[in-house]
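Taking it in order: structure first as structure tokens, then the write-up.
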Amino acid sequence: MQKLNIGLIGFGTVGTGVVKVLKENAKVIQERLGAEIVLKKIADKDTTRDRGVEVDKSVLTMDANDIINDPSINIVIELVGGIEPAKTFIIKALKNKKHVVTANKALLSQHGEEIFKTAQGNGVDIGFEASVGGGIPIIKALKEGLVANKINSIYGIINGTANYILSKMTNEGGKFEDVLKKAQEKGYAEADPTYDVEGIDTAHKLAILINLAYGTYIKLGDIYTEGISKITPLDIKFAKEFGYKIKLLAIAKEEGGEIEARVHATMIPATHLLSTVDGVYNAIHLKGNAVGSVMFYGRGAGMMPTASAVLADVVDICRNINKNAAQRVSPLSYTEEAVRNVEIRHIENLEIPYYLRFSVLDKPGVLSRISGVLGNHNISILSVMQKDRKVGGSVPIVIMTHHAKEKELMAALKEIDKMDVVLDKTVYLRIEENLGGGE
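Its first residue numbered 83, the sequence shown is counted upward by one per residue in the working numbering.
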């Protein structure tokens, strides 16, 4: 039976998972592939730490070049993370005519064009299923399963940390800071959670999905990005009363030749399937012009789900090697000639409904003054809610708008926030009413 050699750079959590899955599922992988995958070398700065999985010491090395320069190794798995030295390792491996598998969303979202073109120029494959959604096979779905579709929209809950925090705040109450602390204690959030709670990790993943869905190389800076750190229990409470839940969403749409690309806390109908995705789970809802609405759901991170995705790429590439069919599918699933630049819709031109919460003095005429300013900026009110009256004190007024242009809304709020009866900066949330099915 043919043997195909792989080398693993990075023996951390996911790397350990790769070794475990290779050992535990060796028979079923071999039966499906018709060849044996041999883990020939593992490179890591620490070769002595016990990972809870047994490996022959002879395969361990502290030098990644022992893998990259080994002519007998067919596939290099990069699980170092970050930009450097991961980028150097990948580029060098590709130039050495080695196929590469990576889970590195930050690297691909910023340097994907260079990496993909290097792979194509050297006649080798690059797999990156594990870069988005952990064990959810969303990359393969976009590259192959949905290849006959124009993708109309993408809505993704693709950061488990943020989703865990919002789920806990929604279901059990508590302030953001307190729930974040609990998430850190459980290991669901990093000591520095900035990338997760401020939407940066989600934006990395959305960039990759947009590249695949629309055949382009979008820049990370083109994605409007906000996080969840300013979400309060009060806003979650009001959202419930209006029939919504708040989720950190990755959103992409193609309309009128422009691409919307944004990440922010979003109010979505409580009846939609995405609103039921709780805890550390991820989900990606897609709408294709032929298939209609589809949703992918599962664990978006973790040792074994991510290792599953890594090895799915390894097996795919091994099959290509067996059939002498490298580059059967191009990295973006578009021919190189078809890859295009796209126009990104500026956030100012976004036109959707909004949730607005004003903290005001409880006195006559306040609502009419606010609604007057909104009207002057072409913003139409759908509904109003005011609770917990405190005559002479501070009370919240919540307004739900019809579709409004963000530029006009921001101008209105700037004017309203200067009023003597407004006691704090207005809170606003974007609303997505029609998520393309799934209700």
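Quick reminder that beta carbons are idealized off the backbone N, C-alpha and C, glycines included.
Of the candidates 348, 318 and 317, the residue whose Cα lies closest to the Cα of residue 281 is 348. With contacts defined as CB atoms closer than 8 Å, residue 258 and residue 311 qualify as a contacting pair. Contact check for residue 342 and residue 333: beta-carbon distance about 6 Å, within the 8 Å limit, so the pair qualifies. DSSP lists no beta-bridge partner residue for residue 151. Residue pairing by DSSP places residue 378 opposite 366 in a beta bridge. Residue 439 carries a strand assignment under DSSP once its states are collapsed to helix, strand and coil. About 7 Å separates the Cβ atoms of residue 164 and residue 188, confirming a contact at the 8 Å cut-off. Short of 6 Å from the beta carbon of residue 393, and not among the five residues preceding or following it, lie these beta carbons of its own chain, in chain order: 103. If the five residues before and after residue 475 are omitted, its C-beta is found closer than 8 Å to the C-beta atoms of 443 and 444, all from its own chain and listed in chain order.
Rounded to whole angstroms, the Cβ separation of residue 370 and residue 351 is 21 Å, and the two are not in contact under 8 Å. Comparing C-alpha distances from residue 322 to each of 249, 186, 115 and 408 shows the shortest one belongs to 249. In this structure, residue 217 and residue 381 form a Cβ contact; the two beta carbons are roughly 5 Å apart against a cut-off of 8 Å.
Going by C-alpha positions, residue 185 is about 6 Å away from residue 161.
Taking C-beta separations shorter than 6 Å and ignoring five residues to either side along the sequence, the partners of residue 426 in its chain run 304, 341 and 343, following chain order. Exclusion of the five residues before and after residue 232 leaves 371 as the residues of its chain whose Cβ lies within less than 6 Å of its Cβ.
Around the beta-carbon of residue 338, fewer than 16 other beta-carbon atoms lie within 10 Å, marking it exposed.
Secondary structure of residue 414 (DSSP, three-state): coil. Rounded to whole angstroms, the gap between the alpha carbons of residue 411 and residue 210 is 13 Å. Taking residue 467 as the centre and dropping the five residues before and after it, the same chain places the C-beta of 480 closer than 6 Å to its C-beta, in chain order.
In the DSSP assignment, residue 246 falls within the unbroken alpha helix (DSSP H) covering 242-254. When secondary structure is reduced to three states using DSSP, residue 311 falls in the coil class, being assigned neither helix nor strand.
Sequence-distant partners of residue 204 (beyond 5 residues in either direction) whose C-beta falls short of 7 Å from its own C-beta, in its chain, are 176, 177 and 179. An exposed status is given to residue 431, since fewer than 16 other beta-carbon atoms sit within 10 Å of its beta-carbon. Residue environment for residue 330: buried (at least 16 other C-beta atoms within 10 angstroms of its C-beta). Residues 397 of the same chain have their beta carbon placed closer than 8 Å to that of residue 114, with the five preceding and five following residues left out of the count. Using a 10 angstroms sphere on the CB of residue 207, the tally of other CB atoms reaches 16 or more, which defines it as buried. Residue 194 has its alpha-carbon roughly 50 Å from the corresponding atom of residue 469. For residue 485, the three-state secondary structure derived from DSSP is coil.
Residue 387 sits in a helix when the DSSP states are folded into three classes.
Here the alpha carbon of residue 313 sits roughly 12 Å from the alpha carbon of residue 261. Judged by beta-carbon spacing, residue 86 lies beyond the 8 Å limit of residue 111, meaning their Cβ atoms are not closer than that value. Per DSSP, residue 184 is not a residue of any alpha helix (DSSP H); the beta strand (DSSP E) it occupies stretches across 181-184.
By the neighbour-count criterion, in which a residue is buried when 16 or more other Cβ atoms sit within 10 angstroms of its Cβ, residue 422 is exposed. Counting of Cβ neighbours within 10 angstroms places residue 504 among the buried residues, the total reaching 16 or more.
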